[in-house]
Structures are given as structure tokens and as C-alpha cells.
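Per numbering that gives the first Met the number 0, the very first residue in the sequence shown carries number 0; after that it's consecutive. Glycine included, each C-beta is placed from N, C-alpha and C at the ideal position. Step one of this worksheet: look at the structure below.
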Amino acid sequence: MTRVIERVKRSSKQPGKHPASGEAATGDARRDRWRKHRIARRAEFVEAALRALDSHGPDLGMEDVAAEAGVTKPVLYRHFEDKADLYVALGQRGTEILFERLIPAINAELAPVPRIRMALDAFFSVIEEHPNLYRLLARGGLHEKTVSDADVVAEDKEVIATALTALLGDYMRMFSMDSGAAEPWAHGIVGMVQSTGEWWLDRRSMSRDSVVEYLTQIIWAAIDGLTRQHGVVIDPNLPLEENKVVQLGRAKTDAPADSDAG
């Protein structure tokens, strides 16, 4: 989570014309109206870029985004420094979309197996709806930026694994188990899900429901096996007494500066 926050902070401090969207109101009503307009306009262009990405694939150009948005390329460059800046904004939007679905799923007050299934389905629904965005981010489409600014998928993976570590650790302590295994276990689960997601996007040899169900069974079998080794038997279809919850951080997109318009 720290890396995601630091990435956004770094982006806001870079010299140029794009301060962070979270900048405080200036007290000047006219300037504040323009600031809100620019933030909204930039967000519109990111959504247009998502649509263009669906149509043109990871090799889309700024002209494709401009055409989808119904503007000229110079207008886009008033809101984005370059193509790489747009790609980073796409990555941040992808994080938002994923977390908007994943947080409620992970924190659902459900029995263990339905909860696992819902969290997996949240992830697979996002990559199914935005496969080109995931390919762009996962396969180095942000190479024009520095690694620290561009590795959105790796940062999201770390955020999710950290949150899952906390969640598993809470439950393991609740059952008087050694929680030291929570961190490697969490990273293993996240890595398995990500790797399976990439394989599934390439092959599509089964439905989303099927791959989600297979992964659900694998993950639950691991949990059930470990808990039984410690004399703990959990009913997979009954909610646990305590519903442990986690919070995931979100990255924010950047906003153009006062001199921009359009």
C-alpha cells in the first residue's frame, strides 16, 4: 500500500504541468471551478482511453484515444504530458476498478467458501471486462516510465497480498494458530491467482465460472488442510463468528494544471 501512495505522491511532485487531483481548493472560486473541470475532463479522457484500448489493443496510440474522445490530439496533450502519462493514468484507473469490486468481496459477511469464490470472481470479472488493460499493465506496457512509477500490477499485487496477510493472520490467531505462515501463504495465493488469470486470458479454455470454481476449491482445500492439522474444523458453508475485514488503498489520478483547458 505504501508503494501505491508513494507513486501517486511522486507523480504529483514531478516538474511539469500536472499536479495531483487531490490538491486543496485555492479559495479562488474561478480557479477552483477550472480545477474541478480539468479533473473531470481528464477522467473523461481516461474512460475514452479504456474504450479505445478495448478496440485497438495494447498498441493503441494517442490518435485512437483522441478519436474515441471526439477531440484532437493537442487537446489530449493539455491533460497528459505524453503517452506514458496516459498509460499511468490508465493503470491507476485499473486499480480503482479492481479495488471497487475486490474490497466488498473480501469483506463480505459470508461463509468461507462463498467469500473466497466472490473475491476470485471480482478479480476475474475485471480482467474479463478489461483484458487489454490487464495485458498492457502486466506485460510492461508502461516501459516508458520508470519502474517505480509504472509497475502498477506489481504494486497492486503487493497491496492485496499485504491485506490478505492481515486477514489470514487475524483468523489464524482467532483459532490459536501460528500466524507466521500468513504472509507467505497470502503471497502464494495472490501469485497463483494472478498467474492463473494470465493463463486464462490467453487460453480461454473454460468459462470464468469454471476457473473461479477450480481456484476456490484449491484455496479452500489448502485452508481446510492446514486448520485440520491444528485440530480446527471449519464448516465451509457457515459464516464464522467474527467477520474480519481489511482496507485496501487506492491510487488517485493526476489533474492538469491551471494553464490547461479543453
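Burial state of P183 (16 or more Cβ within 10 Å) | On the sequence shown, position 184 is the one that residue 183 refers to. By the neighbour-count rule (16 or more Cβ atoms within 10 Å), P183 is not buried but exposed.
Is it a yes or a no for the segment 53 to 63 touching the segment 71 to 87, going by three-plus beta-carbon pairs under 8 Å?
-> yes
Is the beta carbon of A88 sitting closer than 8 Å to the one on A104?
-> Here the question's residue 88 lines up with position 89 in the sequence shown. Here the question's residue 104 lines up with position 105 in the sequence shown. Not closer than 8 Å, so no.
How big is the Cα-Cα spacing for D148 and L136?
-> In the sequence shown, the residue the question calls residue 148 occupies position 149. In the sequence shown, the residue the question calls residue 136 occupies position 137. For D148, the pLDDT reaches just 48, beneath the cut-off of 50, and the residue's location in the model is therefore unreliable, although a value from the coordinates is still provided. Rounded to whole angstroms, D148 to L136 spans 12 Å at the Cα level.
Flag this pair as yes or no: are the beta carbons of F98 and G196 separated by less than 8 Å?
-> One-based indexing of the sequence shown puts residue 98 at position 99. One-based indexing of the sequence shown puts residue 196 at position 197. No, Cβ-Cβ distance for F98 and G196 is not below 8 Å.
Nearest-angstrom Cα separation, counted from V232 out to A180 = As a first step, residue 180 is located in the sequence shown; it is residue number 181 there, counting from the start. As a first step, residue 232 is located in the sequence shown; it is residue number 233 there, counting from the start. Cα to Cα, the separation comes out at about 18 Å.
What first and last residue would you give for the alpha helix (DSSP H) that runs through L59?
-> The residue given as residue 59 occupies position 60 in the sequence shown. Neither: L59 is in no alpha helix (DSSP H) and is coded neither H nor E.
In or out: Q214 buried (at least 16 other Cβ within 10 Å) or exposed?
-> Translated into positions along the sequence shown, residue 214 becomes position 215. Here the sequence assigns Leu to residue 214, which means Gln is not the residue at that position. Label assigned to L214: buried.
Can you tell which of E128, R32, G230 and V151 has the C-alpha that lies nearest to the C-alpha of L200?
-> For this step, residue 200 is matched to residue 201 along the sequence shown. The candidate whose alpha carbon is nearest that of L200 is E128.
Proximity of A39 and V64 at Cβ, strictly below 8 Å | By 1-based counting over the sequence shown, the position of residue 39 is 40. By 1-based counting over the sequence shown, the position of residue 64 is 65. Their beta carbons are not under 8 Å apart, which means A39 does not touch V64 by this criterion.
Which word fits G93, buried or exposed, when buried means at least 16 other C-beta atoms lie within 10 angstroms of its C-beta?
-> On the sequence shown, position 94 is the one that residue 93 refers to. Classification for G93: buried.
CA-CA distance, D120 and V210?
-> Reading the sequence shown from its first residue, position 121 is the one you call residue 120. Reading the sequence shown from its first residue, position 211 is the one you call residue 210. One C-alpha to the other measures close to 9 Å.
By how many angstroms is the C-alpha of E108 removed from the C-alpha of P238?
-> The count along the sequence shown starts at 1 and reaches residue 238 at position 239. The count along the sequence shown starts at 1 and reaches residue 108 at position 109. In a straight line, the C-alpha of P238 is about 7 Å away from that of E108.
Classify V171 as helix, strand or coil using the three-state DSSP reduction.
-> Here residue 171 refers to the residue found at position 172 of the sequence shown. First, the residue type needs correcting, since residue 171 is Met and not Val in the sequence shown. Three-state result, M171: helix.
Start and end of the alpha helix (DSSP H) containing D208?
-> Taking the sequence shown and counting its residues from 1, one reaches residue 208 at position 209. From DSSP, the alpha helix (DSSP H) with D208 extends over R207 to Q228.
In three-state DSSP terms, what is I233?
-> Within the sequence shown, the letter at position 234 stands for residue 233. If DSSP states are grouped into helix, strand and coil, I233 belongs with coil.
For F122, three-class secondary structure by DSSP = Locating residue 122 in the sequence shown gives position 123, counting from the first residue. Looking at F122 - three-state DSSP - the assignment turns out to be helix.
Is DSSP giving D81 helix, strand or coil here?
-> As a position in the sequence shown, residue 81 is number 82, starting the count at 1. Three-state result, D81: coil.
Reference V152, options G90, E95 and D169, closest by Cα | Taking the first residue of the sequence shown as position 1, residue 152 is located at position 153. Of the listed residues, the one whose Cα sits closest to V152 is G90.
Within its chain, find whatever has a CB closer than 7 Å to the CB of R100; leave out the 5 residues flanking it on each side and keep chain order.
-> As a first step, residue 100 is located in the sequence shown; it is residue number 101 there, counting from the start. The answer, listed in chain order, is A121, S124 and V125.
For V245, which option in A220, I188, Y170 and Q193 has the closest C-alpha, if you only look at C-alpha atoms?
-> Working through the sequence shown from its first residue, we reach residue 245 at position 246. Nearest C-alpha to V245: Y170.
Candidates D155, D177 and V192: closest to G230 by CA position | Taking the sequence shown and counting its residues from 1, one reaches residue 230 at position 231. The shortest Cα separation from G230 among D155, D177 and V192 belongs to D177.
Is the CB-CB distance between K243 and V189 below 8 Å?
-> On the sequence shown, position 244 is the one that residue 243 refers to. On the sequence shown, position 190 is the one that residue 189 refers to. Against a cut-off of 8 Å, the Cβ pair of V189 and K243 comes out as no contact.
Rounded C-alpha distance that separates R41 from R114 = One-based indexing of the sequence shown puts residue 41 at position 42. One-based indexing of the sequence shown puts residue 114 at position 115. Whole-angstrom Cα-Cα distance: 35 Å.
Under the three-state reduction of DSSP, which class applies to M191: helix, strand or coil?
-> Working through the sequence shown from its first residue, we reach residue 191 at position 192. Three-state DSSP puts M191 in a helix.
If you check the beta carbons only, do L132 and L75 fall under 8 Å apart?
-> The residue labelled residue 132 in the question sits at position 133 within the sequence shown. The residue labelled residue 75 in the question sits at position 76 within the sequence shown. No; because the gap between Cβ atoms is not below 8 Å, this pair is not in contact.
Using a Cβ-Cβ cut-off of 8 Å (strictly less than) and excluding sequence neighbours within five positions of K72, which residues of its own chain qualify?
-> Within the sequence shown, numbered from 1, the residue matching residue 72 stands at position 73. Result list for K72: M61, E62 and A65, in chain order.
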